[in-house]
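Since the structure comes first, as structure tokens, the remarks are kept for the end.
2 protein chains.
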Amino acid sequence: MRVEIVAVGTELLLGQIPDTNSQWLGEQLAANGIASHFHQHVGDNHERIVLAFRTALARSDAVIVCGGLGPTQDDITRAALAEVMNAPLERHEDIVESIRKMFDSRGRTMPDNNLFQADVPRGASIIVQTRGTAPGLICPVGLKVVYAVPGVPYEMTDMFERAILPDLLARERAGGTTSVITSRVLRTWGASESALAEAVGERFEALSDDGRVTIAFLASGIEGIKVRITARGDDAEHARSLLENEELLVRRLISERFGDIIFGVDEETMEDAIASRLLERGLTLGVAESVTGGLIASRLVNIAGASKWFRGGVVSYASEVKFDLLGVAPGPVVSGDAAKAMATGVRRVLGSDIGLSVTGVAGPEEQDGQPAGTVFVGIAIGDDVEEVALRLPGDRPRIRSYSAISALDALRRALDRLG
Amino acid sequence: MRVEIVAVGTELLLGQIPDTNSQWLGEQLAANGIASHFHQHVGDNHERIVLAFRTALARSDAVIVCGGLGPTQDDITRAALAEVMNAPLERHEDIVESIRKMFDSRGRTMPDNNLFQADVPRGASIIVQTRGTAPGLICPVGLKVVYAVPGVPYEMTDMFERAILPDLLARERAGGTTSVITSRVLRTWGASESALAEAVGERFEALSDDGRVTIAFLASGIEGIKVRITARGDDAEHARSLLENEELLVRRLISERFGDIIFGVDEETMEDAIASRLLERGLTLGVAESVTGGLIASRLVNIAGASKWFRGGVVSYASEVKFDLLGVAPGPVVSGDAAKAMATGVRRVLGSDIGLSVTGVAGPEEQDGQPAGTVFVGIAIGDDVEEVALRLPGDRPRIRSYSAISALDALRRALDRLG
Numbered sequence: 001m002r003v004e005i006v007a008v009g010t011e012l013l014l015g016q017i018p019d020t021n022s023q024w025l026g027e028q029l030a031a032n033g034i035a036s037h038f039h040q041h042v043g044d045n046h047e048r049i050v051l052a053f054r055t056a057l058a059r060s061d062a063v064i065v066c067g068g069l070g071p072t073q074d075d076i077t078r079a080a081l082a083e084v085m086n087a088p089l090e091r092h093e094d095i096v097e098s099i100r101k102m103f104d105s106r107g108r109t110m111p112d113n114n115l116f117q118a119d120v121p122r123g124a125s126i127i128v129q130t131r132g133t134a135p136g137l138i139c140p141v142g143l144k145v146v147y148a149v150p151g152v153p154y155e156m157t158d159m160f161e162r163a164i165l166p167d168l169l170a171r172e173r174a175g176g177t178t179s180v181i182t183s184r185v186l187r188t189w190g191a192s193e194s195a196l197a198e199a200v201g202e203r204f205e206a207l208s209d210d211g212r213v214t215i216a217f218l219a220s221g222i223e224g225i226k227v228r229i230t231a232r233g234d235d236a237e238h239a240r241s242l243l244e245n246e247e248l249l250v251r252r253l254i255s256e257r258f259g260d261i262i263f264g265v266d267e268e269t270m271e272d273a274i275a276s277r278l279l280e281r282g283l284t285l286g287v288a289e290s291v292t293g294g295l296i297a298s299r300l301v302n303i304a305g306a307s308k309w310f311r312g313g314v315v316s317y318a319s320e321v322k323f324d325l326l327g328v329a330p331g332p333v334v335s336g337d338a339a340k341a342m343a344t345g346v347r348r349v350l351g352s353d354i355g356l357s358v359t360g361v362a363g364p365e366e367q368d369g370q371p372a373g374t375v376f377v378g379i380a381i382g383d384d385v386e387e388v389a390l391r392l393p394g395d396r397p398r399i400r401s402y403s404a405i406s407a408l409d410a411l412r413r414a415l416d417r418l419g
Numbered sequence: 420m421r422v423e424i425v426a427v428g429t430e431l432l433l434g435q436i437p438d439t440n441s442q443w444l445g446e447q448l449a450a451n452g453i454a455s456h457f458h459q460h461v462g463d464n465h466e467r468i469v470l471a472f473r474t475a476l477a478r479s480d481a482v483i484v485c486g487g488l489g490p491t492q493d494d495i496t497r498a499a500l501a502e503v504m505n506a507p508l509e510r511h512e513d514i515v516e517s518i519r520k521m522f523d524s525r526g527r528t529m530p531d532n533n534l535f536q537a538d539v540p541r542g543a544s545i546i547v548q549t550r551g552t553a554p555g556l557i558c559p560v561g562l563k564v565v566y567a568v569p570g571v572p573y574e575m576t577d578m579f580e581r582a583i584l585p586d587l588l589a590r591e592r593a594g595g596t597t598s599v600i601t602s603r604v605l606r607t608w609g610a611s612e613s614a615l616a617e618a619v620g621e622r623f624e625a626l627s628d629d630g631r632v633t634i635a636f637l638a639s640g641i642e643g644i645k646v647r648i649t650a651r652g653d654d655a656e657h658a659r660s661l662l663e664n665e666e667l668l669v670r671r672l673i674s675e676r677f678g679d680i681i682f683g684v685d686e687e688t689m690e691d692a693i694a695s696r697l698l699e700r701g702l703t704l705g706v707a708e709s710v711t712g713g714l715i716a717s718r719l720v721n722i723a724g725a726s727k728w729f730r731g732g733v734v735s736y737a738s739e740v741k742f743d744l745l746g747v748a749p750g751p752v753v754s755g756d757a758a759k760a761m762a763t764g765v766r767r768v769l770g771s772d773i774g775l776s777v778t779g780v781a782g783p784e785e786q787d788g789q790p791a792g793t794v795f796v797g798i799a800i801g802d803d804v805e806e807v808a809l810r811l812p813g814d815r816p817r818i819r820s821y822s823a824i825s826a827l828d829a830l831r832r833a834l835d836r837l838g
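Protein sequence lines, in the order shown, are assigned to chains A and B. Take this note's numbering: the final residue in the first sequence is number 419, and no numbers are missing along the way. Take this note's numbering: the final residue in the second sequence is number 838, and no numbers are missing along the way.
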């Protein structure tokens with residue numbers, strides 16, 4: 001079973017947006033042991049889309065098409081599929097009704113253009129929409145199949161998980177399968193990508209001739225530096241056992257060299273690490289942000305159930321807000337003392353158990369005689385107040401991202417010291 | 420002249436890294452008026468790379484191959500090129516010497532594996548390396564050409580600018596088919612993608628047989644809904660004139676139907692629109708965020724010079740913070756009255772001229788009897804306070820993004836009404 005991904009959209013060819021869909025789909029297929037040998041990008045042009053589909057069907061067993069199902073005139077995937085299937089497009093009144101209802105529920109009138117989204121090539125089945133207007137399509141072409149989903153990631157991922165993956169796995173089982181690929185990501189904060197690579201260097205050499213297990217490193221900004229271990233086994237059990245053995249060895253090499261820098265696994269973010277520790281201890285948090293400007297708060301509220309432990313925050317961008325609202329003593333606001341006063345102040349103002357603060361210079365200009373990248377974190381837990389001084393690299397957005405994850409990591413360590 | 424990009428590497432198929440090379444090359448080709456109709460990703464497998472090259476040569480005039488020129492067993496682009504050219508690989512001793520010198524200069528010994536990087540298919544020319552070890556290749560195949568460059572972005576971009584782009588432009592001139600592509604993005608907020616497409620429908624029909632000008636729509640979350648106009652002219656002047664005429668027509672159709680919904684052009688964000696209006700009027704802003712949790716503040720501080728007009732914000736996530744700090748009357752906190760009180764309160768607490776607030780339900784559960792997607796915006800300018808009620812679609816992160824851009828758009832309109 002070889003699956004090819006075709007992403008449709010002139011904006012991809014012109015480089016106006018990155019193709020995150022093919023990357024996500026590639027990851028999902030690999031994680032489920034489904035082979036994918038080719039990806040294509042093609043623009044919003046009927047003849048070229050048809051050519052891309054025929055190319056994909058000639059060299060792969062199944063094709064996942066992302067994009068071109070929208071309601072506008074440049075959304076022509078449906079017509080191209082009909083041509084490849086040699087079937088007419090037929091309007092489905094039940095789809096028209098469900099789209100109309102979605103508009104009604106938002107108190108709006110459905111534009112006539114959305115009618116096109118109810119056109120389905122004869123012989124195709126529908127993947128019902130739950131998050132947008134365009135349904136997905138499952139189009140048989142001889143013994144092969146083309147799945148078409150919207151290019152909106154939020155709609156695409158849902159349809160993949162709900163309809164395409166189960167269908168692909170059923171086809172694999174029917175055909176008798178081969179190997180399973182599985183992987184795990186260890187998320188770290190506190191060591192550089194090259195230092196991490198050096199620490200696990202001996203594993204690299206041991207693995208290079210094997211090919212069943214691989215290790216890769218990826219610096220991911222506010223998501224930390226990721227260490228990805230991938231194992232290919234004869235079946236799920238074999239793959240999992242290879243992966244678990246390797247993970248143990250890698251974890252040991254990392255902790256021997258750097259201590260407790262692994263904060264999460266796979267999709268676990270630094271915010272998740274904070275949330276679980278606060279919940280466990282029954283503590284509430286308030287944040288005071290200057291250099292990060294609300295970034296920490298906005299990440300924390302993305303955690304479901306944040307209201308159980310998150311009180312809120314103060315973005316004290318103007319110095320007077322630090323002085324008047326948070327009670328910082330007038331003077332330089334990029335300093336350890338200011339960070340500590342902000343943490344104490346926000347704890348008082350918001351009535352939280354813990355106050356976390358960040359103040360610093362995002363640049364490009366220096367401030368208070370401090371160069372860009374100078375950052376101070378303050379942590380107030382009850383009457384204990386500590387400061388952490390940092391020197392971070394990068395431009396404004398990077399200094400902000402690194403400040404946010406560094407502040408949360410400092411809090412993670414402080415919470416662990418509470419026991 | 421149609422150029423196809425083929426990115427080689429199993430890590431791309433597995434989704435382990437994003438393909439930033441194809442995106443960058445796509446941008447560069449478009450900026451130079453060179454058409455690109457297809458991209459491909461293929462893994463490190465000889466037969467499949469050969470198949471991808473042959474597919475690309477069948478439907479395009481030139482191919483740029485990124486990756487697979489490194490020194491390891493995975494790097495097999497050279498051998499695949501030799502097969503497609505039907506030519507033997509020959510070792511070039513001058514390349515061996517230059518690679519050896521590069522290792523010497525770093526005080527290291529060249530591993531034998533690097534010898535493979537000196538293998539060149541007979542008939543190919545070399546793009547000399549200045550930043551790494553593997554040279555690039557220019558491989559004629561009949562009247563067509565394949566350019567091969569390393570996958571390391573820093574080496575790839577240098578070779579593209581220094582050797583590939585000049586060669587492509589020379590071929591375009593020789594073929595007499597020079598053209599220049601230019602594009603403009605109009606950013607809108609307040610109409611759906613399908614309603615926008617319907618409004619400019621007559622332009623679509625007028626353009627569909629022409630091909631010189633195209634219009635596309637892209638829903639981009641917090642960045643708004645983008646209308647991209649692309650024009651291909653015989654030269655830069657012609658392309659600009661086509662684009663400007665079309666932009667005038669499209670702007671008129673949009674404003675006739677929806678009023679003032681275009682908030683920016685190209686890279687201008689909604690935050691830029693707010694920043695320029697506040698600066699112009701000499702007003703300062705404070706924000707009170709509940710459902711957006713700091714997202715608005717963190718976007719605003721990304722604008723250089725935000726300290727001139729941005730005072731800061733309060734993230735009032737817990738209801739008590741709304742009551743105690745912002746002075747909201749106890750009661751339901753998802754309401755127009757609460758939004759107005761938050762806007763007035765944050766203006767007082769932060770000492771700003773304007774207070775902007777957002778309160779709402781991000782879901783998935785309802786709150787205060789209101790369903791997910793119910794959002795109220797409050798705007799306090801001096802003693803004038805207004806509320807805007809919204810009903811937004813999507814999951815938690817989308818409701819937050821839409822809330823943020825909707826609140827800023829409401830402020831943009833309120834500032835414009837000030838004159």
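Even for Gly, the Cβ is constructed at its ideal location relative to N, Cα and C.
Any C-beta of chain B under 9 Å from that of residue i
i	result
asparagine 86 of chain A	no
histidine 39 of chain A	yes
aspartate 324 of chain A	yes
glutamate 320 of chain A	yes
leucine 13 of chain A	yes
glycine 43 of chain A	yes
glutamate 289 of chain A	yes
aspartate 112 of chain A	yes
isoleucine 127 of chain A	no
Local conformation of residue i per DSSP, three classes
i	result
tyrosine 821 of chain B	helix
alanine 477 of chain B	helix
leucine 137 of chain A	strand
histidine 41 of chain A	strand
leucine 702 of chain B	coil
glutamine 786 of chain B	strand
isoleucine 99 of chain A	helix
Check: residue i C-beta below 8 Å from any heavy atom of the ligand ZN
i	result
cysteine 485 of chain B	Looking at this structure, you won't find the ligand ZN or any other ligand, since it has none at all.
Spatial distance of residue i from residue j (CA atoms)
i	j	result
alanine 760 of chain B	serine 611 of chain B	31 Å
glutamine 370 of chain A	proline 397 of chain A	18 Å
alanine 410 of chain A	glycine 724 of chain B	29 Å
alanine 407 of chain A	isoleucine 261 of chain A	14 Å
arginine 277 of chain A	serine 357 of chain A	18 Å
glutamate 198 of chain A	phenylalanine 376 of chain A	29 Å
glycine 373 of chain A	valine 385 of chain A	23 Å
glycine 541 of chain B	phenylalanine 535 of chain B	Per the sequence presented here, residue 541 of chain B reads as arginine, with glycine not at that position. So the two alpha carbons sit approximately 15 Å from each other.
Outcome for residue i when other beta-carbon atoms lying within 10 angstroms are tallied against a minimum of 16
i	result
glycine 33 of chain A	buried
lysine 741 of chain B	buried
glycine 678 of chain B	exposed
leucine 837 of chain B	exposed
threonine 182 of chain A	buried
Beta carbon proximity, residue i to chain D, threshold 9 Å
i	result
serine 241 of chain A	Looking for chain D here will not work: the only protein chains present are A and B.
CB contact below 9 Å: residue i versus chain A
i	result
glutamine 536 of chain B	no
alanine 481 of chain B	no
threonine 763 of chain B	no
With contact counted as at least three CB pairs below 8 Å, one residue from each stretch, are the region 561 to 577 of chain B and the region 465 to 483 of chain B in contact?
-> The region 465 to 483 of chain B and the region 561 to 577 of chain B touch, with three or more beta-carbon pairs separated by less than 8 Å.
Touching or not, the region 29 to 48 of chain A and the region 603 to 619 of chain B, by the rule of three or more beta carbon pairs under 8 Å?
-> In short, these stretches do not touch, since the Cβ pair count stays below three.
Report yes or no: do the region 17 to 24 of chain A and the region 162 to 177 of chain A share at least 3 C-beta pairs separated by less than 8 Å?
-> Not touching, per the Cβ criterion.
Does the region 732 to 749 of chain B come close enough to the region 781 to 788 of chain B that 3 or more CB-CB pairs lie under 8 Å?
-> A contact between stretches requires three or more CB pairs, one per stretch, nearer than 8 Å, and the region 781 to 788 of chain B fails this requirement with the region 732 to 749 of chain B.
Are there three or more Cβ pairs, one per stretch, closer than 8 Å when the region 239 to 253 of chain A is compared with the region 280 to 298 of chain A?
-> These segments do not touch.
Determine contact between the region 807 to 823 of chain B and the region 767 to 774 of chain B, defined as no fewer than three beta-carbon pairs at a distance below 8 Å.
-> Taking 8 Å as the limit for Cβ pairs, the verdict is that the region 767 to 774 of chain B does not touch the region 807 to 823 of chain B.
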